[in-house]
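Okay, structure first, notes after.
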Amino acid sequence: DSDLAHGMPEAVAASLRDQGLLRLAQRPHAPATVRRKLSSWSTLTRWRGLTGHFNGPGVTSAIKLAVRAAGRPRIRKSLKAVTADILAAVLQACAGDRLADCRDRALLLFAFASGGRRRSEAAGLRFEQLAEEAPVPVDPLDVDGGTLPCLKIHLGRTKTTNTDTEAAVFLIGRPVTALNDWIARAELVEGAVFRAIDQWGHVQRRALTPQAVNLILKRRIAAAGLDPHEFSAHGLRSGYLTEAARRGIPLLDAMQQSQHRSVSQASHYYNDAERKLGRAARLVV
Numbered sequence: 001d002s003d004l005a006h007g008m009p010e011a012v013a014a015s016l017r018d019q020g021l022l023r024l025a026q027r028p029h030a031p032a033t034v035r036r037k038l039s040s041w042s043t044l045t046r047w048r049g050l051t052g053h054f055n056g057p058g059v060t061s062a063i064k065l066a067v068r069a070a071g072r073p074r075i076r077k078s079l080k081a082v083t084a085d086i087l088a089a090v091l092q093a094c095a096g097d098r099l100a101d102c103r104d105r106a107l108l109l110f111a112f113a114s115g116g117r118r119r120s121e122a123a124g125l126r127f128e129q130l131a132e133e134a135p136v137p138v139d140p141l142d143v144d145g146g147t148l149p150c151l152k153i154h155l156g157r158t159k160t161t162n163t164d165t166e167a168a169v170f171l172i173g174r175p176v177t178a179l180n181d182w183i184a185r186a187e188l189v190e191g192a193v194f195r196a197i198d199q200w201g202h203v204q205r206r207a208l209t210p211q212a213v214n215l216i217l218k219r220r221i222a223a224a225g226l227d228p229h230e231f232s233a234h235g236l237r238s239g240y241l242t243e244a245a246r247r248g249i250p251l252l253d254a255m256q257q258s259q260h261r262s263v264s265q266a267s268h269y270y271n272d273a274e275r276k277l278g279r280a281a282r283l284v285v
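If you count the sequence shown from 1, position 240 lands on 240 in UniProt numbering, and the numbers rise without skipping.
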């Protein structure tokens, strides 16, 4: 079952290459790549009104055996999580008064505080998705104390939600202030919230791309004196859950904000945090 010699017969591979149906690969595809291709073929088959077997037990078993045989470790989307301490250093690196500084502060605070939004969600955020809410108490147990600004973010279509699910998250406090500052300075009244800025400092109509969101984070990470190769935009998502676990926030509460559908996936960050703080790994220190 774990013999690496198993696989596609060379004669079959050669025939597929001759027909242009198989690309020449320097190394085997990652399991995630294979699953993604199977998912695409399955969707295409359904659209054509045909019946496929891409989710059949034989295919599922073959993928599991291939993963075991390859022994290929899963590569994280971001080597390190952008936790609160790292975020503070990154925000300090964009504490200037330039328009780009104002935008990047709002972008990073929004992406983190809204549950660790994916870079595509941050880039695709539109003015119409924002709804101002009544201020909320600084201390929920002291309604007569100070208040904090609050925004409701209607997520619309994301990787795990559809436009008809009415999924929404809330922003409270500093992220709301940063977002409102950017909206005011950019004079936004509709359309994309996070936009490109040209070399003369003018706000463009076009939205940032997901790749631009990633590059902005890496640039600010480098300005903070950290290694940009160790971080990516996904680090904001993993960092949110990691920070929530460190602060003892219940998993289901954090999942409401992050919009994770899988408890097992979200609990991975919690399990790591609890194990690092527990005694089992500290028998010899």
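We treat Cβ as the ideally placed atom computed from N, Cα and C, and that holds for glycine. Since the model is a prediction, treat every value here as computed from it, not as a measurement.
If we count the other Cβ atoms within 10 Å of its Cβ and call it buried at 16 or more, is residue 127 buried or exposed?
-> exposed
Proximity of residue 110 and residue 210 at Cβ, strictly below 7 Å | no
Residue from 49, 85, 121 and 79 with nearest C-alpha to residue 246 | 85
May I have the straight-line CA-CA distance separating residue 137 from residue 151, to the nearest angstrom?
-> 14 Å
Pick from 185, 268, 278 and 215 that is closest to residue 202, judged by C-alpha positions | 185
With a CB to CB cut of under 8 Å and the five nearest residues on each side skipped, what residues in its chain are close to residue 1?
-> Note on residue 1: pLDDT 44, under 50, position unreliable in the model; no value is reported.
Alpha-carbon spacing of residue 244 relative to residue 59, whole angstroms | 37 Å
With DSSP as the reference, label residue 228 as helix, strand or coil.
-> helix
So, is residue 55 buried or exposed, given that buried needs 16 or more other C-beta atoms within 10 angstroms?
-> Burial call: exposed.
Compute the distance between the beta-carbons of residue 115 and residue 270, then report whether it is under 7 Å.
-> no
Go ahead and label residue 105 buried or exposed: buried means 16 or more other beta carbons lie within 10 angstroms of its beta carbon, across all protein chains shown.
-> By the neighbour-count rule (16 or more Cβ atoms within 10 Å), residue 105 is buried.
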